[in-house]
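Residue numbers (the working numbering): 1 to 312. This report refers to the structure that appears directly beneath it.
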Amino acid sequence: MTATAHRSPAHRPAAHGSTADRSTALYDVPGPRTRRRHRMYGVVSTALILALIGWILYLLFDTGQFTYTKWMPFEYKGIQELLLRGLGNTLKAFALAAVFSLALGGVLATGRLSDHRPVRWISTLVVEFFRAMPVLVMIFFIFVALKVQPLPALVAGLTLYNGSVLAEVFRSGVDSVDRGQREAAFALGMRKTQVMSHVLVPQAVRAMLPAIISQLVVALKDTSLGYLITYEEFLHAGKLIASNLDYDLPFIPVVMVISPIYIGMCMLLSWFAQRVSRWERRSPKTEAVNVAPAEPGTLLPGGGRSPTAPRP
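This is the structure in structure tokens:
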């Protein structure tokens, strides 16, 4: 009778998918020497960043950018109202450009996905033309050549450029959905509009959302081009304050006030996109549905009982 070999827990093989296996699946665990080297890199990088920040602050103090004279304009109610009015005009232009860009992108993407060749060619030509055209050139052409007011000219230029970019985002998002989804929907007898609206687009939106938000952030930042056509947006208001000789040309203080507001608006837009993405993942329409298993005695399409089903 052979004796059974007993293994201690230290010699037993690790369970599949353990924490140690997962932590070393892609790279080796760094040793003590490597960890010391990484800590040294971190300390040196932090010191360099702090030194750069200190050098910038020294230059700002040395050039008198924090003097009371340069920051005094922001105490006046008229200056505050000017900035708030410019911020409101920026948000108005962005809201209009965002809505029209999404609508134009959807129309052009539908044309590019059309089964009719002329529609597909015309949509492709429009998309490629406005994607290649600089947005500032379009804004100036609409404002100067067509003699359009500043706000419509700015919104039209942003819409044509961002709408053509979003059209490519929509088209690539729909094409990224697995081809089997499309074929299964057509096999069920659905029309193309039903396949697009009920099968492909809902799945593609989750993949397209980061790119859509990124392009909307670009549209928000490009509203600052409105000051070149005398549109009284946020940057235009800051330019009026920065070029005021009575306050010793407070250019740097204006930048330090306006830049965080622009960054905050972009971060707020990204945060909103993340909330929408989480809400969509929790939506009942996207949750898995338990399907009851097939039981014997299922009726055939003709109304009769399956020949293999047991008789009662």
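We treat Cβ as the ideally placed atom computed from N, Cα and C, and that holds for glycine.
Candidates the options: which alpha carbon is nearest residue i's?
i, options, result
"S224", "W55, G78, A93, Q203", "A93"
"E232", "G173, R171, L87", "L87"
"L268", "Y58, R85, L91", "L91"
"I79", "L158, F234, Q274", "F234"
"I212", "G189, G173, R179, L245", "G173"
"E168", "R112, E183, F272", "R112"
"L84", "V257, R179, S101, V144", "V257"
"T193", "T110, L151, G264", "T110"
"S259", "K239, R275, R278", "K239"
Buried or exposed, going by whether 16 or more other CB atoms sit within 10 Å of the CB of residue i?
i, result
"I142", "buried"
"Y247", "buried"
"I53", "exposed"
"G189", "exposed"
"P32", "exposed"
"S101", "buried"
"Y222", "The residue you asked about is not Tyr; residue 222 is Asp in the sequence shown. D222 should be labelled buried."
"Y227", "buried"
"P150", "buried"
"R191", "exposed"
Less than 8 angstroms separating the beta-carbons of residue i and residue j?
i, j, result
"A219", "A98", "yes"
"L48", "A237", "no"
"F170", "G105", "yes"
"I56", "L154", "no"
"L59", "F66", "no"
"V254", "A273", "no"
"V205", "C266", "no"
What distance in whole Å lies between the Cβ atoms of residue j and residue i, which are believed to be in contact at a cut-off of 8 angstroms?
i, j, result
"L108", "V127", "5 angstroms"
"W71", "P210", "Incorrect: roughly 38 angstroms between the Cβ atoms, too far for contact."
"L166", "Q215", "6 angstroms"
"P73", "N244", "7 angstroms"
What residues in its chain sit with their C-beta under 7 angstroms from that of residue i, if we drop five residues either side in the sequence?
i, result
"F130", "L160, Y161, S164"
"I139", "A153, L154, G157, L225, I229"
"L96", "V155"
"T69", "Y247, D248"
"V291", "Residue confidence is low: V291 scores 47 on pLDDT, short of 50, so the model does not pin down where it sits. Its coordinate-derived value is still stated next. Hits under 7 angstroms: none found."
"V289", "Per-residue confidence for V289 stands at a pLDDT of 45, beneath the threshold of 50, marking its modelled position as unreliable; the derived number appears in the next sentence. Excluding residues within five positions, none has a Cβ falling inside 7 angstroms."
Grab me the residues of residue i's own chain with a C-beta within less than 8 angstroms of its C-beta, minus the 5 sequence neighbours each way, in chain order.
i, result
"Q181", "V199, L200, Q203"
"L30", "Note on identity: in this sequence residue 30 is Pro, with Leu being the wrong assignment. So the list reads H38, once near-sequence residues are dropped."
"V148", "I142, A156"
"S114", "R120, S123"
"M40", "none"
"S176", "A204, A207"
"V276", "L209"
"I261", "L87, F234"
"S197", "none"
Residues in its own chain within less than 6 angstroms of residue i by CB, not counting five upstream and five downstream?
i, result
"A156", "I142"
"I252", "Q65"
"G42", "none"
Any heavy atom of the ligand NAP closer than 7 angstroms to the Cβ of residue i?
i, result
"F66", "What this structure holds is no ligand at all, so the ligand NAP is not there to describe."
Of all the CB atoms in chain D, is at least one closer than 8 angstroms to the CB of residue i?
i, result
"L154", "No chain D appears in this structure, which consists of one protein chain only."
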